[in-house]
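Q:
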Amino acid sequence: GEGEPLVLLHGGVGASDMFTPVLPALAKSRRLITIELQGHGRTPDIDRPLRYENMGDDVAAVVRSIGHERVDLLGYSLGAGVALRAAIQHPALVRKLVVVSAPFAQTGWYPEILAAMARMGPESAAGMKRSPWFQLYPHVNWGLLFTKLGELLSRGYDWSSEVAGLTAQTMIMFADADSIHPAHIAEFYGLLGGGRRDAGWDGAGRPKARLAILPGQTHYDILSAPALPDMVTAFLSAQDDR
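Taken in order, the sequence shown gives residues 84 to 325; the numbers are from this note's numbering.
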């Protein structure tokens, strides 16, 4: 596409192809840059554990290396956690931030999701041989990737104080049947300044942050929601000086 740059960060185990459903719509008004995270897709792994903070720095380094000093950033699931860290650690780099289906703290996930994450390892990677990802990315060490992801996702974290201090205007997006529980979503929005008062008849009290709940979707299919690219485009193009 053409226009201002929008960086897309995929979810865990996947790669940039996760964004295939929304690429055509987003590319109508944006130049899209997809970055595949450490050990994912076409990006080789290195002798380093997976950490949100490290990958946030990686994203900033890639963006600057291709000549951009300020971009909009959209991440999904694992990539949304990385996008959050990039915006926290490199505030001058991120103009607007879109967080899709990710919590600000580990406790935001439902307990059964946390249990499944803790079980990730070489055994759970065996099923990838029946996945299209196995054919698309033959160089990925799936056993090692699942092991590293399991270790990362089992680590406790809480970024609430840093989220409250974000300088990038932020929109958080969730499915109405997401893997993150609704109370956490409401708390997330509150940290960004939302949900504190009535907006008023003229909207003057509306917060700069935005919250989108996409009906009829889950954590696993939210990127295919027809409304998602339109909501993202409207948010990124909105002029809001409040």
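Built from N, CA and C at the ideal position, the CB exists for glycine as well.
Please state if the CB of glycine 122 and the CB of aspartate 130 are separated by a distance shorter than 8 Å.
A: No. Outside cutoff.
Q: So, are the CB atoms of glycine 139 and alanine 98 less than 8 Å apart?
A: No.
Q: Given methionine 211, which residues of its chain have a CB within under 6 Å of its CB, disregarding the five upstream and five downstream residues?
A: If we look at methionine 211 and ignore the five residues flanking it on each side, its Cβ neighbours are Phe217 and Trp225.
Q: Note down the Cα distance separating alanine 170 from alanine 199, rounded to an integer number of angstroms.
A: Spanning the two alpha carbons is a distance of roughly 28 Å.
Q: Which residues in the same chain as tyrosine 240 place their Cβ atom closer than 7 Å to its Cβ, once the five residues preceding and following it in sequence are excluded?
A: Same-chain partners within the cutoff: Ala188 and Gln189.
Q: Please report how far the alpha carbon of glutamate 136 lies from the alpha carbon of histidine 267, in whole angstroms.
A: Whole-angstrom Cα-Cα distance: 22 Å.
Q: Is glutamate 87 helix, strand or coil by DSSP?
A: If DSSP states are grouped into helix, strand and coil, glutamate 87 belongs with the strands.
Q: Can you round the beta-carbon distance between glycine 94 and leucine 161 to whole angstroms, since I take them to be within the 8 Å contact cut?
A: The Cβ separation is near 5 Å, so the contact holds.
Q: At what residues does the beta strand (DSSP E) containing arginine 113 begin and finish?
A: Per DSSP, arginine 113 belongs to the beta strand (DSSP E) from 113-118.
Q: When you compare the CB positions of phenylalanine 229 and serine 207, do they come within less than 8 Å of one another, or not?
A: Cβ distance < 8 Å, so phenylalanine 229 and serine 207 count as in contact.
Q: Taking the alpha helix (DSSP H) that methionine 215 falls in, what are its first and last residues?
A: Going by the sequence as given, residue 215 is proline instead of methionine. Proline 215 -> alpha helix (DSSP H) spans 215-219.
Q: Where does serine 307 land, buried or exposed, given buried means 16+ other C-beta within 10 angstroms?
A: Classification of serine 307: exposed, given that the 10 Å Cβ count is below 16.
Q: In the DSSP output, what is aspartate 241 paired with across the bridge?
A: According to DSSP, aspartate 241 bridges with Ala188.
Q: Assuming valine 183 contacts tyrosine 159 (C-beta within less than 8 Å), just tell me the rounded distance between them.
A: Yes, valine 183 and tyrosine 159 are in contact; Cβ-Cβ is about 4 Å, under 8 Å.
Q: Give every residue of the same chain whose Cβ lies closer than 6 Å to the Cβ of phenylalanine 102, excluding the five residues on either side of it in the sequence, and list them in chain order.
A: Excluding sequence neighbours, phenylalanine 102 sits near Leu91.
Q: Can you tell me where the alpha helix (DSSP H) holding arginine 147 begins and where it ends?
A: Run containing arginine 147: 135-148, per the alpha helix (DSSP H) assignment.
Q: So, for glycine 277: in the same chain, excluding its five sequence neighbours on each side, which residues have a beta-carbon less than 7 Å away from its beta-carbon?
A: Taken in chain order, the residues that qualify are Pro290, Ala292 and Leu294.
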